[in-house]
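Notes follow the structure.
In this note's numbering, the protein residues as written are 775 to 897.
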């Protein structure tokens, strides 16, 4: 998966997080927020679900999302250091840290080599 794909997904999730926080702060029920956000983006709830999990966001859709959220063109393409990682990434980081801390140097070396192999095969 290319970096632009991951960057766009993370930024789209950040847009949803911001949308949800504002909606909840204004007293909106959490039920239906995903569908409401999809409607704001002018996409189906199914497409939003696919974007959250695996569907790449193409150039045309990226510009549509930016426009619907009042962001400048190219906003989704920019890596943001302040963006919080998704819950799945945070869970993985916690698991990796637990594995790292619970083993000896040979285990750490094996863990590092395994991760390098995965990254190399994904490129």
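Note that CB positions come from ideal geometry on N, CA and C, so glycine has one too.
Excluding five sequence positions before and after residue 824, none of the CB atoms of its chain fall closer than 7 Å to its own CB.
Residue burial annotation: residue 874 is exposed, with fewer than 16 other C-beta atoms found within 10 angstroms of its C-beta. Counting the other Cβ atoms within 10 Å of the Cβ of residue 839 gives 16 or more, which makes it buried. Counting other Cβ atoms within 10 Å of its Cβ, residue 835 reaches 16 or more and is therefore classed as buried. By the Cβ criterion, the stretch 877–891 is not in contact with the stretch 802–820, since fewer than three pairs of Cβ atoms, one from each stretch, lie closer than 8 Å. Secondary structure remark: continuous beta strand (DSSP E) runs of at least 3 residues inside the stretch 823–886: none found. Residue 870 sits exposed, since fewer than 16 C-beta atoms from the chains shown fall within 10 Å of its C-beta.
In this structure, residue 842 lies near residue 815, with their beta-carbon atoms less than 8 Å apart. By the neighbour-count definition (other C-beta atoms within 10 Å, threshold 16), residue 866 is an exposed residue. Just measuring C-alpha positions, the residue of 833, 862, 791 and 894 sitting nearest residue 848 is 833. In this structure, 830 is the residue among 888, 800 and 830 with its C-alpha nearest to the C-alpha of residue 787.
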